[in-house]
Structures are given as C-alpha cells and as structure tokens.
Amino acid sequence: SELAAPGVDTYSTAMGGGYGYITGTSASSPHVAGVAALLIASGLTSSVDVRHRLRDSAEDLGAAGWDSQFGKGMVNASLAINFSEPPDQSAPTTTVSLNGTLGNFDWYGSDVEVTLTAVDNPGGDGVAEIRYSLDGGGIWQLYTSPFIISTEGSNLLLARSWDNAGNDEGPPAFKTVKIDKTMPNPTTLVVRTGTMGNNGWYVSNVVVDMWTTDNPGGSGVDRVEYSLNGGGSWQTYSPFLTITADGYHTVLARAWDNAGNVEEPAVSLTFKLDQTPPTLTETTVPAAMKRQQSGTMINVSYNGTAADPVSGLDGPTNTVLIDEYGVFSQDLGSGLSGTVSVEAWCQGNDQDGRSYIFRLTARDLAGNEGVVDGITTILHH
Numbered sequence: 009s010e011l012a013a014p015g016v017d018t019y020s021t022a023m024g025g026g027y028g029y030i031t032g033t034s035a036s037s038p039h040v041a042g043v044a045a046l047l048i049a050s051g052l053t054s055s056v057d058v059r060h061r062l063r064d065s066a067e068d069l070g071a072a073g074w075d076s077q078f079g080k081g082m083v084n085a086s087l088a089i090n091f092s093e094p095p096d097q098s099a100p101t102t103t104v105s106l107n108g109t110l111g112n113f114d115w116y117g118s119d120v121e122v123t124l125t126a127v128d129n130p131g132g133d134g135v136a137e138i139r140y141s142l143d144g145g146g147i148w149q150l151y152t153s154p155f156i157i158s159t160e161g162s163n164l165l166l167a168r169s170w171d172n173a174g175n176d177e178g179p180p181a182f183k184t185v186k187i188d189k190t191m192p193n194p195t196t197l198v199v200r201t202g203t204m205g206n207n208g209w210y211v212s213n214v215v216v217d218m219w220t221t222d223n224p225g226g227s228g229v230d231r232v233e234y235s236l237n238g239g240g241s242w243q244t245y246s247p248f249l250t251i252t253a254d255g256y257h258t259v260l261a262r263a264w265d266n267a268g269n270v271e272e273p274a275v276s277l278t279f280k281l282d283q284t285p286p287t288l289t290e291t292t293v294p295a296a297m298k299r300q301q302s303g304t305m306i307n308v309s310y311n312g313t314a315a316d317p318v319s320g321l322d323g324p325t326n327t328v329l330i331d332e333y334g335v336f337s338q339d340l341g342s343g344l345s346g347t348v349s350v351e352a353w354c355q356g357n358d359q360d361g362r363s364y365i366f367r368l369t370a371r372d373l374a375g376n377e378g379v380v381d382g383i384t385t386i387l388h389h
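Going by the working numbering, the first residue of the sequence shown is number 9, and it counts up by one from there.
This is the structure in structure tokens:
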C-alpha cells in the first residue's frame, strides 16, 4: 500500500437498510479520494503531482519511512493542502555517449563524436546546463550540441551538470577517449635464412621473417599478416614463414593496429628458389657391343638430354669417359652426345667384357648439378 486512511469501525449505511459499522478499504478510500479532490481544486492538475503530494504530506506511522502496513503514512488533508515541497538538494546525473570507429581495447580509429545528456532526480528542479572539460578540469565549456574530439592519443573527458536549484554534479562523469588514426610503421620483411646459389637463386628452403612497431603514442600493433597470392587472401603471421616450393615468390606483408588502422600499401619481398638439379636422361649407348679382337679400337656412340624447368640450364653440359680399369679418364668436352674411339680388348681373365662409363653432367643457373651415368660393355672375344 502507499497510504493509510481511517477505515476501522466507520459508521455507514448497511446492507438491507439501516446503519452499521464497517471496516475495510471501502471505508478508507473515500478519505483519500476527498483529499485528492481538494488538491485538484487547489491547482494541482497532474495525477502524478497529486500522487506525490499525498505521499509526501502523509503522517508517518509505524516504522520510519515506508512500511508494508501503513505505506507512507496516514493521509492528512490539511498538510496536503498547505504542504511545502522540500528544496531540491540532489544533483543531476550526466551520461557520456561516444560515436566513432571502435577497434580493440577501446581505441578509436577515427574522430569521435561526443554526446552529453543529463537527467535530474525525480521531483527535482530540472537540468539547467551541462559543461565539459578536456584539460583535466581547468576550463569547463558549456555543452550545447554534440562535438568532435580529433586529437590522437588518450583524451580525458570530464562532464558535469547543474540543476535549476544550483546543485552541481560531483564528482563529474568521465571518459578516456583513445584515438589512433595513423597506420603502423612500415613492416620489416626479410629473408631470415636461406642458402644463396648462383645468379640470385636460393638453393635451400627460405625462411621469411616480418615485424613492425606502431606510431609513438598509438594503440599498439594488433597483428601482422602476409599474403602469398598477391593479396587475394591474408593469413596472420606467426614466426616463421618457410617457403619450400621452387619458383619465383612474392610475399606481401601488412600490419594492423588495435584501433583498426591497416598499413597501406603492403610491403613486398621477391625472391627465387630452385632446389632441384637439372633432369638428365639416360644415354642411348648400347648396353653391350659384339665381341672384338684384342688389340683393336672401336667407336662407341653416346647420347643424352638435359632440362631444367625452374632456373634453366647454365652454359654447356659435359661428358666424361671413365675406363673400368682406371687406365684413363677422358673429358669429352661440352655436349651430351658424340662418338669416341675406345680400346676394345679386355685385360687378364676378364670374362665379362670391358666397360666404359659415360658420365653426363649439367648445371642450372642456381648452381645445382645433375649427373647421370650411361654404361657400355665390350665383350671379350
């Protein structure tokens, strides 16, 4: 209940005729309604104001203040009509609202629009003005409409309101407005490890590293990203990035700060990698020649091919003839094909025939060397 009114042993008309004593809300309600009518007649037209006046002017009963038995107390017509509202001694409350591009950890990546609102306490005299300070309370400016904070870094915003009774909000409402509109410093993108071959080609796995810092007073680096497909897709970098595939590679890297600023344009690192030796085919030297008379010479033909699809072949290829007996080793010069005259006889009890190795060699532009052996055997007569 909100109020109490006389309603016990009230002398009133009774059911079936005559008079009697009744107790209940039907007996007390007319007292409250009558006082409400007097208040309306005195000039209070708002039902909310009438309700507040009835409660504020009631005689407190029972426990101090409101209680479940008597509410705010016994309704009192005289006090209600002649009631003087107590002075407003409560300050308004100010709310700060921020609007901008919000990143991580309450950092904004744009200018921030500030809106201040204030409400007075219920029954108060109303808000008179709102003021704000951006210098720690040294100067308080009158708030009339939303304003912009554009200074990068941490900005302390204080705001307070006054009501029409002169009550000053204190301590003031405050917000730390953190702004970072500057992208991080350029990312450092380097080859950390890799074996350099010839002509600028790497001949081992290439390990790439990347890092950066944020601008002074900024929000700090959130992450570094890299792309291996020209920026089509980006992945968050975690040390380290290892490239194993042969070919030409371009790594793009960019950094994000906690305010959502991204490094533009991305930095790039280009390198080339060839870990694969040239491919050499087996020679077409016959596996065996027919039997030959000891002491004779015989012409043997050899043939081979070389290819390198990555860095390409570097200069001439080479063939070396190696005698099975170790009697001689002959450099046949550049090229992978030709004809050479060799001894046809065998030594001692060699029943398997005399073998010659044609060792074909090719190098690529990265410095990788490919080797293949072709063998021909001249049978003993």
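Glycine included, C-beta positions come from ideal geometry on N, C-alpha and C.
Residue span of the alpha helix (DSSP H) that contains residue i, given as start and end
| i | result |
| --- | --- |
| D57 | 55-64 |
For residue j and residue i, the rounded distance between their alpha carbons
| i | j | result |
| --- | --- | --- |
| D128 | I157 | 26 Å |
| V275 | G145 | 44 Å |
| S92 | G178 | 27 Å |
| D339 | V328 | 4 Å |
| T102 | A126 | 4 Å |
| S55 | L47 | 10 Å |
| I330 | G238 | 50 Å |
| S118 | K183 | 16 Å |
| E137 | V122 | 16 Å |
| G15 | V104 | Below a pLDDT of 50, predicted positions are generally treated as unreliable, and G15, at 49, falls in that range; the measurement from the model is reported next regardless. About 50 Å. |
| A374 | Q359 | 44 Å |
| S337 | N326 | 14 Å |
| Y364 | V348 | 11 Å |
| L277 | Y234 | 11 Å |
| L387 | E290 | 21 Å |
| N90 | D64 | 12 Å |
| D282 | A370 | 15 Å |
| G132 | L52 | 17 Å |
| L288 | D322 | 14 Å |
| M305 | C354 | 11 Å |
| G111 | Q243 | 19 Å |
| V185 | V120 | 8 Å |
| T220 | S212 | 26 Å |
| P180 | F155 | 18 Å |
| L62 | L142 | 45 Å |
| R362 | V335 | 12 Å |
| A44 | D96 | 24 Å |
| S246 | N311 | 50 Å |
| H39 | D68 | 17 Å |
Residue i, enclosing beta strand (DSSP E) - first and last residue
| i | result |
| --- | --- |
| A370 | 362-371 |
| D198 | The question names Asp, but residue 198 in the sequence shown is Val. Per DSSP, V198 belongs to the beta strand (DSSP E) from 196-201. |
| M218 | 214-219 |
| G341 | 337-342 |
| T103 | 101-107 |
| F248 | Looking at the DSSP string, F248 is not in any beta strand (DSSP E), and its letter there is neither H nor E. |
| N326 | 326-331 |
| V229 | 229-235 |
| S241 | Premise fails: S241 is in no beta strand (DSSP E) and is neither H nor E. |
| E121 | 120-127 |
| V135 | 135-141 |
| I147 | Premise fails: I147 is in no beta strand (DSSP E) and is neither H nor E. |
| V211 | No beta strand (DSSP E) holds V211; DSSP gives it neither H nor E. |
For residue i: DSSP bridge partner residues
| i | result |
| --- | --- |
| I89 | DSSP output for I89 lists no bridge partner at all. |
| G382 | F366 |
| D176 | W170 |
| T69 | Sequence inspection shows Leu at residue 69; the Thr mentioned does not correspond to that position. According to DSSP, L69 bridges with nothing at all. |
| S349 | N307 |
| K183 | L165 |
| F155 | V122 |
| A259 | At residue 259 the sequence reads Val, which differs from the Ala that was named. Note: V259 sits in a beta bridge opposite L277. |
| L52 | Paired residue(s): none; L52 is not in a bridge. |
| E377 | R371 |
| Y110 | For the sequence presented, residue 110 should be read as Leu rather than Tyr. In the DSSP output, where bridge partners are listed per residue, L110 has Y116. |
| M204 | Y210 |
Would you check if there are 3 or more beta carbon pairs closer than 8 Å linking the stretch 249-269 to the stretch 139-152? no
Report the residue ranges of all beta strand (DSSP E) runs contained in full by the stretch 261-320; include only those spanning at least 3 residues, in chain order. 275-281, 296-300, 305-310
With a cut-off of 8 Å, do at least 3 Cβ pairs link the stretch 164-176 to the stretch 193-208? no
Can you confirm whether the stretch 188-202 touches the stretch 216-234 when touching is taken to mean that 3 or more C-beta pairs between the two stretches lie within less than 8 Å? yes
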